[in-house]
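Participant: Which chain is which? The protein sequence lines are A and B, in order. Residue 59 in this note's numbering sits at position 68 of the first sequence, and the numbers go up by one each step. Here this note's numbering runs 1 ahead of the position in the second sequence, where the first position is 1. Positions of the beta carbon are idealized from the N, C-alpha and C atoms, including for glycine. Here it is, the structure in full.
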Amino acid sequence: MSVMEKFKRAFFTENPVTVMLLGLCPTLAVTSSAENGIGMGLATTFVLVMSNLVISIFKNVIPARVRIPSFIVVIATFVTIVDMGLQATLYDLHKTLGLFIPLIVVNCLILGRAEAFASKNTIGQSLLDGVANGLGFTFALFILGGIREILGSGAFLGMPIIPGDWRTILLFVLAPGAFITLGFMLVGMNKISERLEGTKS
Amino acid sequence: MDASKQLLVMDSSPQGRVTESTSKIMNTVSLTLIPALAVSVWVFGWDAVRVLALTSVFCVGFEWLLSKWVSYKIDYMDGSALLTGILLAMNLPSSSPWWLILIGSLVAIGLGKQVFGGLGQNIFNPVLVSRTFLIISFPVELSLWPKPFAYDGSTGATPLGVLKTEGVGALSGTSIGDLAMGQMGGSVGEISALTLLLGAAYLIYKQYIAWEVPALFIGTVFVFTGIFYLIDPTTYADPVFHMFTGGLFIGALYMATDMVTSPLTKKGRIVFGIGCGFFTAVIRLFGSYPEGVSFAIVLMNGFVPLLDKYLPDKKFGMVKNG
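This is how it looks when you write it as structure tokens:
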């Protein structure tokens, strides 16, 4: 599979969020703004790439019976690194994302790629897989966070884009807004991938 | 052969002719709302008419727009969109700005109904989806209720709002008779319990709505708030006050009985009515919102498929333990 094809798959036809519906907990919880979406997405991408790398290196050493705990230990290590790194460099973002950074450990996307891909493929392929899926995840979170920020706060990436005396729809910043927006996003993405594949149902 | 030109139609029984149709039912329900709307116009003036006109036009308009867009057929003139519009107006304050009504109508028709596949497919009552959406999104606009007979635009809290913020002592001046007639602040259509009862009585007589849901809904609120009133009358308002304030009557009579989103079976309707009443009372007494009718109904709407499945009606001709 070529690099381009791989990315197209991770972004559209097999996007972790909008098609496989993996990692919905951080997807719904932290995407109240586009910035949070990017932050969460990139933190997850880092963990995903590094865990894919390490697991593909040690895939022949890890006994099959204890592979899941082993994967989790590897993932948890990188999550701790991200957690501490963000706390040291981007403290505000770290405060906003809060508990959801440690919770990257239980993001099924990461364990899913480790189990389904990295433990069976070469180092290069696993790295590419991690980058593509991580960026696909980030992309979905960015769109979701962007829509919610525009509707709910009247801003995009922190910049106000509507006149000051207009009211914003508070619901989109809150939890129900996340579900509603994600629902419409799934519809939109399904339409786009139908177009891309040229199959119209 | 063209079906309309067939002279002899062979069909299986039953062959009785029914004069009921969706649009007939919808229009009848709309007509029974006229007395309650008349009281609203009397209490709130022309603003009530403005809200009603805008919701009706916007709701039918969005239904028409969506009928151009979706792949299935929408009959936008069958009266259901108009009824949604009328009921939405009755659930909003008469001071609602036009953009609030526009968003509310879009949510009711789009998110409340057509997202699920149109009339008959929706899980939640479209009007209440819209109302809860607006309460959460625009808390300021939906806590400014025009005062009754104050046609100058001055606003105040509803009786339930006063109860929530200032306690039961601040309510000493309100008379139950005024509340039952509708002389209080509130949404356009929720204020007059008696005229709503009048309209709904006709619908019950026509068997368009089942009596179990409103009776048990209102009864449960009455009993539940009554227990707390008996325990401590200085903290909790009396049950008659709870019965006639807020949206209990419009909720119980017109919202909870919506054909699409209420249970099909008698046992299901009993559980549904009690559940609505219970959650309403709990939110009113202990929640952070003064009024809980719309939240309670939307919550119980979610249980309806479950109730339909696990509380079926007894079928004729079935053998026990067969």
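1. For B/Ser188, which three-state DSSP category applies?
2. Using CA atoms only, rank isn't needed, just tell me which of B/Ala211, B/Glu142 and B/Gly248 is closest to B/Met185.
3. Just tell me which of B/Glu213, B/Ala158 and B/Leu120 has its CA closest to the CA of B/Tyr77.
4. Would A/Leu161 pass as an interface residue toward chain B - the criterion being a Cβ-Cβ separation below 8 Å?
5. Looking at the strands, I want to know which residues DSSP matches up with B/Gly157.
6. Does chain B have any CB closer than 8 Å to the CB of A/Ile101?
7. Would B/Asp233 be called buried (16 or more neighbouring beta carbons within 10 Å of its own) or exposed?
8. Can you list, in chain order, the residues of the stretch 239 to 257 of chain B whose Cβ is nearer than 9 Å to any Cβ on chain A?
9. Name the chain B residues that come within less than 8 Å of A/Leu19, Cβ to Cβ?
10. Do the stretch 61 to 73 of chain A and the stretch 125 to 140 of chain A make contact, defined as three or more Cβ pairs closer than 8 Å?
11. Give the DSSP-derived three-state secondary structure of A/Met180 in the structure shown.
12. Below 8 Å on the Cβ atoms is my guess for B/Ala194 versus B/Pro215; work out the distance and round it to an integer in Å.
13. Pull out every residue of the stretch 131 to 161 of chain A whose Cβ sits closer than 7 Å to any Cβ of chain B, in chain order.
14. What would DSSP say about B/Met2, mapped onto helix, strand or coil?
15. Quick check on the DSSP output: the alpha helix (DSSP H) that includes B/Val42 runs from which residue to which?
16. Whole angstroms are fine: how far does the CA of B/Glu21 sit from the CA of B/Asp12?
17. In chain order, what are the residue ranges of uninterrupted alpha helix (DSSP H) at least 4 long that sit wholly in the stretch 104 to 158 of chain A?
18. Shorter than 8 Å from the beta carbon of A/Ile231 to some beta carbon of chain B?
19. Which value, in whole angstroms, describes the spacing of the CA atoms of B/Leu161 and B/Pro98?
20. Could you tell me the distance, in whole angstroms, from the CA atom of A/Lys(-1) to the CA atom of A/Thr172?
21. From A/Ile29 to A/Thr80, what does the alpha carbon distance come to, in whole angstroms?
22. From which residue to which residue does the alpha helix (DSSP H) around B/Pro240 run?
23. For B/Pro98, which three-state DSSP category applies?
24. Rounded to a whole number of angstroms, what is the C-alpha to C-alpha distance between A/Ala146 and A/Leu126?
25. Straight-line CA distance for B/Tyr203 to B/Thr29?
Facilitator: The relevant details are as follows:
1. DSSP places B/Ser188 in the strand class (E or B) of the three-state scheme.
2. Taking only the C-alpha atoms, the option nearest B/Met185 is B/Gly248.
3. Closest by C-alpha distance to B/Tyr77, out of B/Glu213, B/Ala158 and B/Leu120, is B/Leu120.
4. By this cut-off, A/Leu161 is an interface position.
5. Per DSSP, the beta-bridge partners of B/Gly157 are B/Trp146.
6. Against chain B, the CB of A/Ile101 has no partner CB under 8 Å away; the residue lies outside that interface.
7. Under this definition B/Asp233 is an exposed residue.
8. For the stretch 239 to 257 of chain B, the beta-carbon criterion of a distance under 9 Å to any beta-carbon of chain A is satisfied by none of its residues.
9. The contacting residues do not exist; A/Leu19 stays about 16 Å from chain B at best.
10. Too few Cβ pairs lie closer than 8 Å, so no.
11. A/Met180: helix per DSSP, three-state reduction.
12. With a contact defined as Cβ atoms closer than 8 Å, B/Ala194 and B/Pro215 miss out at about 11 Å.
13. Residues are counted here when their Cβ sits less than 7 Å from a Cβ of chain B; for the stretch 131 to 161 of chain A these are Arg158, Ile160 and Leu161, given in chain order.
14. The predicted model places B/Met2 with a pLDDT of 47, which falls under 50 and marks its position as unreliable, so this point remains unresolved.
15. It spans Ile35 to Phe45 - the alpha helix (DSSP H) in which B/Val42 sits, taken as one unbroken run.
16. Approximately 20 Å between the Cα atoms of the pair.
17. Counting only unbroken stretches of 4 or more residues, the alpha helix (DSSP H) elements lying wholly within the stretch 104 to 158 of chain A are 114 to 144, in sequence order.
18. Coverage of chain A is limited to positions -8 through 192, which leaves residue 231 of chain A absent and any answer about it impossible.
19. Approximately 23 Å, taken between the alpha carbons.
20. Rounded to the nearest angstrom, the two C-alpha atoms are 23 Å apart.
21. Looking at the two C-alpha atoms, the distance is approximately 16 Å.
22. Counting along the chain, the alpha helix (DSSP H) containing B/Pro240 begins and ends at Pro240 to Phe245.
23. Correct three-state label for B/Pro98: coil.
24. Looking at the backbone, the Cα of A/Ala146 and that of A/Leu126 are separated by about 23 Å.
25. Whole-angstrom Cα-Cα distance: 9 Å.
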